[in-house]
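K.L.:
Have a look at this one before I ask anything.
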Amino acid sequence: QNSHGIKLKSPAHSAGASYTLTFPTTDGNADEFLKTDGSGVLSWASAGGSNTPAFAAYRSTTQTISTNTETKVQFNVEFFDADGKYDNSSNYRLLPGEAGKYLITGGISFDGTGDGNYVIIYIYVNGSAVLKNINRSPSTSDNGVAIAGLVSLGASDYVEIYCKQNTGADKQLVGGTSDRTVFF
Numbered sequence: 168q169n170s171h172g173i174k175l176k177s178p179a180h181s182a183g184a185s186y187t188l189t190f191p192t193t194d195g196n197a198d199e200f201l202k203t204d205g206s207g208v209l210s211w212a213s214a215g216g217s218n219t220p221a222f223a224a225y226r227s228t229t230q231t232i233s234t235n236t237e238t239k240v241q242f243n244v245e246f247f248d249a250d251g252k253y254d255n256s257s258n259y260r261l262l263p264g265e266a267g268k269y270l271i272t273g274g275i276s277f278d279g280t281g282d283g284n285y286v287i288i289y290i291y292v293n294g295s296a297v298l299k300n301i302n303r304s305p306s307t308s309d310n311g312v313a314i315a316g317l318v319s320l321g322a323s324d325y326v327e328i329y330c331k332q333n334t335g336a337d338k339q340l341v342g343g344t345s346d347r348t349v350f351f
């Protein structure tokens, strides 16, 4: 009846394309896009992602780190945990629950280390170190180290932060609401 229609432009003749697309009955909502089921049936879908899991945790009190020993940092208080994927009570690890690429960030700071030593922070995946960063000359005023890295995780993988120091004696990680001993 020439009162309803959608205008489309086909690919160039040289493409040799020949297929049928079936459009939805509405024009969709704001921020939606047309998606196909792979057989030419189109529908509206929400654009973007949820950006989860998203969390940030910190160490509430000091934690003793023995000299020359890789030790898991127990980030036991959450600033936030958008979807409950961080365990802050027993394993102190991120369990993302879905495969993807994740930006992991952490930071540690010791309560005085002394000159000529080192402090190391590690990102562990499934119990093994995958990234590390070293402060080779910590002093009383500069005794921490941070790390950030992109890691590829499977749905059942988990992520932890470990650290190590070589001062010759046990040292305390700084705790409290400080932004110096954090995991996110």
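To convert, take the position in the sequence shown, counting from 1, and add 167; that gives this note's numbering.
Just so it is clear, CB atoms sit at the ideal spot from N, CA and C, and this is done for glycine as well.
Everything numeric in this text was worked out from a predicted model, so none of it was measured.
Assess contact between the stretch 242–255 and the stretch 330–339, defined as three or more Cβ pairs (one per stretch) separated by less than 8 Å. Is contact present?
P.N.:
Counting Cβ pairs under 8 Å, fewer than three are found: no touch.
K.L.:
For residue 310, count neighbouring Cβ atoms within 10 angstroms of its own Cβ and tell me buried if that reaches 16, exposed if not.
P.N.:
Buried, by the Cβ-count rule.
K.L.:
In terms of residue numbering, what span does the beta strand (DSSP E) encompassing residue 204 cover?
P.N.:
Looking at the DSSP string, residue 204 is not in any beta strand (DSSP E), and its letter there is neither H nor E.
K.L.:
Measure the C-alpha to C-alpha separation of residue 224 and residue 351 and round it to an integer number of angstroms.
P.N.:
Going by the C-alpha atoms only, they are around 6 Å apart.
K.L.:
Look at the alpha carbon of residue 315 and the alpha carbon of residue 212, and state the distance between them as a whole number of angstroms.
P.N.:
Approximately 33 Å, taken between the alpha carbons.
K.L.:
Based on the DSSP output, what are the partners of residue 198 in its beta bridges?
P.N.:
Answer is none; residue 198 lacks a bridge partner.
K.L.:
Starting from residue 302, follow the beta strand (DSSP E) in both directions and report where the run begins and ends.
P.N.:
Element bounds for residue 302: 295–302.
K.L.:
How many angstroms separate the CA atom of residue 313 from the CA atom of residue 230?
P.N.:
Cα to Cα, the separation comes out at about 17 Å.
K.L.:
Kindly confirm or deny that the stretch 254–266 and the stretch 317–326 touch, where touching means at least three C-beta pairs closer than 8 Å.
P.N.:
Result yes; three or more Cβ-Cβ pairs closer than 8 Å.
K.L.:
When burial is assigned at 16 or more other CB atoms within 10 Å of the CB, is residue 258 buried or exposed?
P.N.:
Counting Cβ neighbours within 10 Å, residue 258 comes out exposed, since fewer than 16 surround it.
K.L.:
Could you give the residue range of the beta strand (DSSP E) that holds residue 245?
P.N.:
Taken as a continuous stretch (DSSP letters only), the beta strand (DSSP E) holding residue 245 covers 244–248.
K.L.:
In the structure shown, what three-state DSSP assignment does residue 181 receive?
P.N.:
The answer is helix: DSSP assigns residue 181 an H, G or I state.
K.L.:
Compute the beta-carbon to beta-carbon distance between residue 184 and residue 191, rounded to the nearest angstrom, for a pair I have assumed lies under 8 Å.
P.N.:
Incorrect: roughly 21 Å between the Cβ atoms, too far for contact.
K.L.:
Within 10 angstroms of its Cβ, does residue 202 collect 16 or more other Cβ (buried), or is it exposed?
P.N.:
Residue 202 is exposed by the Cβ-count criterion.
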